[in-house]
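Counting in the working numbering, the sequence shown runs from 2 upward without gaps.
The next block holds one structure in the form of structure tokens; read it before the comments.
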Amino acid sequence: MSKRREKGLLDLNINKATIVIVTIILTACGGGGGGNSSVPPVTVDPGSGWVAGQYDDWRLNTVRNICANPRTTGGYSDSSGSVTDENFWIRSYSNDTYLWYSELPDVDPGTVNNTEDYFNLMITDGLSPSGNLKDQFHYSQNTEEYNQYYSGVSAGYGVRFFIIASSPPRKIIVGYNEPNSPASEANLSRGAEIISIDGETIEDSDNVDALNAGLFPVALGETHTFVVRDLNATEDRTFTMVSAETTSVPVKNITTFDVAGAKVGYLTFNAHIKPAETQLINAISQLKASNIDELIVDLRYNGGGYLTIAAELGYMVAGVMSEGRVFDELTFNDKYTERDPINNNIIDPSRFESTAAGFDAPNNPTPAGTALPALGLGRVFVLSSGGTASASEAFINGLRGVDVEVILIGEATRGKPYGWYALDNCGTTYSTIQFKGSNAKGFGDYSDGFFPVASADLSGAEITGCEVADDLSHALGDANEGRLAAALGFIETGACPSSEAFGFTAKSPGIPHPLSAVSGRLIQPELGTVVR
2 MSKRREKGLL DLNINKATIV IVTIILTACG GGGGGNSSVP PVTVDPGSGW
52 VAGQYDDWRL NTVRNICANP RTTGGYSDSS GSVTDENFWI RSYSNDTYLW
102 YSELPDVDPG TVNNTEDYFN LMITDGLSPS GNLKDQFHYS QNTEEYNQYY
152 SGVSAGYGVR FFIIASSPPR KIIVGYNEPN SPASEANLSR GAEIISIDGE
202 TIEDSDNVDA LNAGLFPVAL GETHTFVVRD LNATEDRTFT MVSAETTSVP
252 VKNITTFDVA GAKVGYLTFN AHIKPAETQL INAISQLKAS NIDELIVDLR
302 YNGGGYLTIA AELGYMVAGV MSEGRVFDEL TFNDKYTERD PINNNIIDPS
352 RFESTAAGFD APNNPTPAGT ALPALGLGRV FVLSSGGTAS ASEAFINGLR
402 GVDVEVILIG EATRGKPYGW YALDNCGTTY STIQFKGSNA KGFGDYSDGF
452 FPVASADLSG AEITGCEVAD DLSHALGDAN EGRLAAALGF IETGACPSSE
502 AFGFTAKSPG IPHPLSAVSG RLIQPELGTV VR
């Protein structure tokens, strides 16, 4: 997978994305983590047929699926070709569908000898009004890995880490683990510090390759030895973990609290992936049966996924007042003002969903059309971080668009109102920004994130709430955990607590799993549903 490199909370699931990023993040003593400004390696193909400013239709079977290494199984329609052929497809696809296509260079496909480097040229360097790069979410990934992730199945240890310090003296803390994973079986839990891997100390080892190999094994069945110091422990312990296939449980820690005469519901929601649909339905049904008055949705580590699931959760929070109303409206480039560029469907707003989509996954048994439970709340509390992105931000923005009050507890969100269709060509799934989303009030200008302030109205990027750093010293769902405690305190008093009230850690960028951090809202052509 290729993407703009980011630091923060990382998911130890085996995929090329995480391997690349951790290789960048964990730098050697005296070394820097700076970017590589070298020109991509090139092989000149004088017979490429490139003519500046002339583009073939990327949909044609003489352009698409012409591959250097065609797939012969799985029902794909690949034909034999070259890297140059694949680059021609990338060039045409980008020029036709990219939101800022007029800002792209026109590079001869025959002068770049691999598709990842060529795709990485098809991106704007333009800046947002705040001075940040407009496009920070450009990436590609092996198609099989992409499909696995959205089905909730991947390979690794089933744990997420905070990279508190990426260069010596380094520090890595566990964010959380997945149930029934190698990490949970080893009792590797939130707040534990990784001391060493395979005899190499995290803090100051020069053997970065060994650290990365242990953190991110490249195959199933690899055994690596960890020394960790558990939260509040006085001694280290040593154990081995073996990489294995793990299943993500995106909805966890469903519970209730009694606060000042109010029943408060809470759930952790970590990814808008297929299994989340049924898990959210079950969680909201459970909370509805408890007659809750308030809801806290913990999205601090939720980097996005299917927008349909966000629209379903929005309805389950707001109920009848949101039914049929605009959740997210998409704007494409000026070539596509009436129909979308992939399916040629009429561009119609995404709406709050009162019935289940019925995502096709073994662990999502809810049939399409199933009526969703609804709480009918006028406000919701969201726990946030820099890892709260895409579909999670659309959930926030969509609710505010129909006048449901959102109280934001935590840190500024990622800032990702953009999305795309995830499209395969020759075994690689390409994600390039193709549209911008806005809510029922027409607001979508949050490219720098939503951020909590003392008081705000229901429009704009400022949201009423409390700025609270992540608290790695308590479990998620624990009433004493800093952000959850702040939300409960706000419900009771209407005010934010002082930071001294809790054992907060220092702030972290909080970027989650590299795929979910950039997964964006995408559109699955075969489903016609938007993913962020």
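In this text, a Cβ means the ideal position worked out from N, Cα and C, and glycines have one as well.
Keep in mind the model is a prediction, meaning the values are calculated, not measured.
- request: Please report how far the alpha carbon of phenylalanine 138 lies from the alpha carbon of leucine 212, in whole angstroms.
  value: As a position in the sequence shown, residue 138 is number 137, starting the count at 1. As a position in the sequence shown, residue 212 is number 211, starting the count at 1. C-alpha separation (whole angstroms): 27 Å.
message: Please report the straight-line C-alpha distance between aspartate 329 and glutamate 204, rounded to a whole angstrom.
response: Along the sequence shown, read from residue 1 onward, the residue named residue 329 stands at position 328. Along the sequence shown, read from residue 1 onward, the residue named residue 204 stands at position 203. Distance between the alpha carbons of aspartate 329 and glutamate 204 is about 45 Å.
- request: Could you tell me which uninterrupted beta strand (DSSP E) segments, each at least 3 residues in length, are contained entirely in the region 278-362, listed from first to last along the chain?
  value: 295-299, 327-332
field: Nonlocal neighbours in the same chain, by C-beta distance under 7 Å from aspartate 361, ignoring five residues either side
entry: Along the sequence shown, one-based indexing puts residue 361 at 360. For aspartate 361, where only same-chain residues beyond five positions count, there are no Cβ hits under 7 Å.
- request: Would you mind working out which of Gly379, Asn346, Ser286 sits nearest serine 323, comparing C-alpha positions?
  value: Start at 1 with the first residue of the sequence shown, and residue 323 comes out as number 322. Closest option to serine 323, Cα to Cα, is Gly379.
field: At least 3 beta-carbon pairs within less than 8 Å: the region 328-344 vs the region 435-451
entry: yes
- prompt: Taking the beta strand (DSSP E) that arginine 230 falls in, what are its first and last residues?
  reply: One-based indexing of the sequence shown puts residue 230 at position 229. From DSSP, the beta strand (DSSP E) with arginine 230 extends over 224-230.
- request: Using a threshold of 8 Å, state whether the C-beta atoms of leucine 390 and arginine 415 are closer than that.
  value: The sequence position of residue 390 within the sequence shown is 389, counting from 1. The sequence position of residue 415 within the sequence shown is 414, counting from 1. One point to set straight first is that residue 390 is alanine, not leucine, in the sequence displayed. It is a contact, given that the beta carbons lie within the stated cut-off.
task: Could you tell me how far apart the beta carbons of glycine 402 and phenylalanine 444 are, in whole angstroms, since I believe they sit closer than 8 Å?
output: Here residue 402 refers to the residue found at position 401 of the sequence shown. Here residue 444 refers to the residue found at position 443 of the sequence shown. Yes, they are in contact, since the Cβ atoms of glycine 402 and phenylalanine 444 sit about 7 Å apart, within 8 Å.
field: Contact under 8 Å by Cβ, glycine 305 with histidine 273
entry: Translated into positions along the sequence shown, residue 305 becomes position 304. Translated into positions along the sequence shown, residue 273 becomes position 272. Yes.
- prompt: Under a three-way DSSP split, which group does glutamate 117 fall into?
  reply: Position 116 of the sequence shown holds residue 117. Looking at glutamate 117 - three-state DSSP - the assignment turns out to be helix.
- prompt: Mind checking if asparagine 121 is an interface residue toward chain E, Cβ cutoff 8 Å exclusive?
  reply: Absent from the structure: chain E. Only one protein chain is present.
query: Can at least three beta-carbon pairs, one atom from the region 255-267 and one from the region 337-357, be found at a separation below 8 Å?
result: Between the region 255-267 and the region 337-357, the count of Cβ pairs shorter than 8 Å is below three; the stretches do not touch.
- request: State the Cα-Cα distance for the pair serine 456 and isoleucine 464, rounded to the nearest angstrom.
  value: Residue mapping note: residue 456 aligns to position 455 of the sequence shown, counting from 1. Residue mapping note: residue 464 aligns to position 463 of the sequence shown, counting from 1. Distance between the alpha carbons of serine 456 and isoleucine 464 is about 7 Å.
- prompt: Is it right to say serine 509 is buried, meaning 16 or more other beta carbons lie within 10 angstroms of its own, or is it exposed?
  reply: As a first step, residue 509 must be located in the sequence shown, where it is residue number 508. Per-residue confidence for serine 509 stands at a pLDDT of 38, beneath the threshold of 50, marking its modelled position as unreliable; no derived number is given.
query: If we count the other Cβ atoms within 10 Å of its Cβ and call it buried at 16 or more, is glycine 76 buried or exposed?
result: By 1-based counting over the sequence shown, the position of residue 76 is 75. Exposed is the call here.
query: What does a CB cutoff of less than 6 Å around glycine 370 pick up in its chain, not counting 5 residues either side in sequence?
result: To locate residue 370, count along the sequence shown from 1; it is residue 369. Taken in chain order, the residues that qualify are Thr356.
- request: Provide the residue span of the beta strand (DSSP E) that contains glutamate 493, from first to last.
  value: To locate residue 493, count along the sequence shown from 1; it is residue 492. Per DSSP, glutamate 493 belongs to no beta strand (DSSP E); it is in the alpha helix (DSSP H), 483-494.
Straight-line Cα distance separating alanine 486 from glycine 478: For this step, residue 478 is matched to residue 477 along the sequence shown. For this step, residue 486 is matched to residue 485 along the sequence shown. If I take the Cα positions, the gap works out to 10 Å.
message: Using 8 Å as the threshold, is the C-beta distance between alanine 358 and threonine 309 below it?
response: Residue numbering aside, residue 358 sits at position 357 when the sequence shown is read from its first letter. Residue numbering aside, residue 309 sits at position 308 when the sequence shown is read from its first letter. Yes. Within cutoff.
- prompt: If glutamate 394 sits next to glutamate 468, beta carbons under 8 Å apart, how far is it from one beta carbon to the other, in whole angstroms?
  reply: Here residue 394 corresponds to residue number 393 of the sequence shown, with the count starting at 1. Here residue 468 corresponds to residue number 467 of the sequence shown, with the count starting at 1. About 17 Å; that fails the 8 Å criterion.
task: Please determine, among Pro130, Arg60, Arg191, the residue with the shortest C-alpha to C-alpha distance to arginine 161.
output: Residue 161 sits at position 160 when you count from the first residue of the sequence shown. Of the residues Pro130, Arg60, Arg191, the one whose Cα lies closest to the Cα of arginine 161 is Arg191.
field: Candidates Asp58, Asn188, Gly82, Lys135: closest to isoleucine 67 by CA position
entry: Locating residue 67 in the sequence shown gives position 66, counting from the first residue. Checked all of Asp58, Asn188, Gly82, Lys135; the closest Cα to isoleucine 67 is Gly82.
query: Does DSSP classify proline 368 as helix, strand or coil?
result: Counting from 1 along the sequence shown, the entry for residue 368 is found at position 367. DSSP places proline 368 in coil when its eight states are reduced to three.
Buried versus exposed call for phenylalanine 58 [16 or more other C-beta atoms within 10 Å across all chains shown]: Your numbering for residue 58 matches position 57 in the sequence shown. For clarity, residue 58 is aspartate in the given sequence; the question names phenylalanine instead. The residue in question, aspartate 58, is exposed, as its Cβ has fewer than 16 Cβ neighbours within 10 Å.
Inter-residue spacing [alpha-carbon to alpha-carbon] between isoleucine 91 and alanine 311: Position 90 of the sequence shown, counting from 1, holds the residue named residue 91. Position 310 of the sequence shown, counting from 1, holds the residue named residue 311. Each residue's Cα considered, the two are about 30 Å apart.
message: Taking the straight line between their C-alpha atoms, what separation do you get for tryptophan 101 and valine 250?
response: Here the question's residue 101 lines up with position 100 in the sequence shown. Here the question's residue 250 lines up with position 249 in the sequence shown. Between tryptophan 101 and valine 250, the C-alpha separation is close to 36 Å.
query: Going by the CB atoms, is the gap between glycine 157 and asparagine 178 shorter than 8 Å?
result: Looking up residue 178 in the sequence shown gives position 177. Looking up residue 157 in the sequence shown gives position 156. Not in contact: asparagine 178 and glycine 157 (Cβ atoms no closer than 8 Å).
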